[in-house]
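Following this note's numbering, the numbering of the sequence shown begins with 18 at its first residue and continues without gaps.
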Amino acid sequence: MRNFEVNAAASVKITHYFLNKMMDKKQKGLIAFTSSSAGFIPNPLAALYASTKAFLTTFAASVSAEVKSFGIDVVVVHPSPISSQFYSNADGMQVLISSANFAQPPRVIADAIFTAAGRFTIVDQVRGSKGVINKQANYPTIL
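Pasting the structure below:
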């Protein structure tokens, strides 16, 4: 439930709060989310993680269309593996341990967000999910 609360419920509540403030004040800006291409494939033993990430990507893309006319951009990034404490809890899951070898510094997420702002809604940095996203998404996507 903590995973759901952090990845889905909190994202909706925070977005609702700040979008209303921005729209009330007629402020232009950017709302950014970090999701995961894990949301496009089944994830045994991580079902809630994958499901909430699928929700977050769809939520961001939907909200993007709703607020574009207000001058508010919405970007959702599916980062490639990022160097973080995430891998310290891999508990022997070889796929996670292997992906840590390809981890990039956190700054790549910020670079992706600011490069995409105003141009793309979904930024997927994971090569393996390109075909899946191209078939499912009708939003401006950079892969």
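Idealized CB from N, CA, C, for every residue including glycine.
query, result
"Restricting to Cα atoms, I'd like to know which of 22, 49, 65 is closest to residue 80.", "49"
"Could you please give the first and the last residue of the uninterrupted alpha helix (DSSP H) stretch that includes residue 48?", "No alpha helix (DSSP H) contains residue 48, which is instead part of the beta strand (DSSP E) from 46-51."
"How is the alpha helix (DSSP H) around residue 125 delimited, first residue to last?", "124-133"
"Do you know offhand how far residue 76's Cα is from residue 33's?", "12 Å"
"In the structure shown, what three-state DSSP assignment does residue 99 receive?", "strand"
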